[in-house]
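Here is the structure we will look at.
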Amino acid sequence: MSLLQQIKNKVRSKSIHVTFVDVGSCNGCDIEVLACLAPRYDIEQYGIYVHNNPREADILLVMGVMTPQWEDKLRILWNKIPDPKVAIAVGNCPISGCVFNRRESYVDPPVSKHIPIAAEVPGCPPRPTEILNAILSLAPVVFRDYEEKMK
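Residue numbers for the sequence shown follow my numbering, so the first one is 157 and each next one is one higher.
Pasting the structure below:
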């Protein structure tokens, strides 16, 4: 790998763009993700920026239990994110369905059946530090030798 590619990989891993989607939940995980933006956790100090536009994102945070209404919409959203990209399941709901996963329920967990999930952050809701650790641990993996893989 050339020096230029090493520099690009390093810079990209320090500039992470995240978008998030709630596919149906109690909004507990949303509050914890938004707490990451507050001065106490301040995710921007780590080079993590939140965007509403998926076309500007590298990482998709998925929160909430998967419902039938979101199946196509989530795939469309996932396809709008440019490569390289990863998804993180935040909370118990996208991982297992949690309290919503009952026999008579209409939910369809886990989210990993619908889009590829690179990391899971369990908890109901997970702490902001756990969410930050998941994003920061995936950042080097997302951008590692991306240009080499594309050749």
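Don't be surprised by glycine CBs; every beta carbon is placed ideally from N, CA and C.
In or out: residue i buried (at least 16 other Cβ within 10 Å) or exposed?
i: residue 248; result: buried
i: residue 200; result: exposed
i: residue 309; result: Nothing about residue 309 can be reported from this structure: the residues present for the chain run from 157 to 307 only.
i: residue 309; result: There is no way to answer for residue 309, as the model of the chain reaches only from 157 to 307.
i: residue 181; result: buried
i: residue 194; result: exposed
i: residue 215; result: buried
Excluding the five sequence neighbours on either side, which residues of its own chain have a C-beta within less than 6 Å of the C-beta of residue i, listed in chain order?
i: residue 244; result: 217, 275, 290
Is residue i close to chain D? Criterion is C-beta to C-beta, closer than 9 Å.
i: residue 217; result: Looking for chain D here will not work: only one protein chain is present.
First and last residue of the beta strand (DSSP E) that includes residue i?
i: residue 188; result: Element bounds for residue 188: not the beta strand (DSSP E) but the alpha helix (DSSP H), 184–193.
i: residue 207; result: It is not in any beta strand (DSSP E) - residue 207 carries neither H nor E in the DSSP assignment.
Taking 7 Å as the limit between beta carbons, can you name the residues of its chain near residue i, skipping five residues before and five after?
i: residue 287; result: 188, 189, 192, 246, 277
Enumerate in chain order the residues of its own chain whose CB-to-CB distance from residue i is below 8 Å, with the five nearest sequence positions on each side excluded.
i: residue 293; result: 275
i: residue 283; result: 188
i: residue 207; result: 173, 174, 175, 213
Could you tell me the boundaries of the alpha helix (DSSP H) in which residue i lies?
i: residue 291; result: 284–299
i: residue 228; result: 227–236
My output table needs one value for residue i: the three-state DSSP class, helix, strand or coil.
i: residue 255; result: helix
i: residue 263; result: coil
i: residue 179; result: coil
### Query
Is the segment 263–272 touching the segment 218–232 in the sense that three or more CB pairs, one from each, lie closer than 8 Å?
yes
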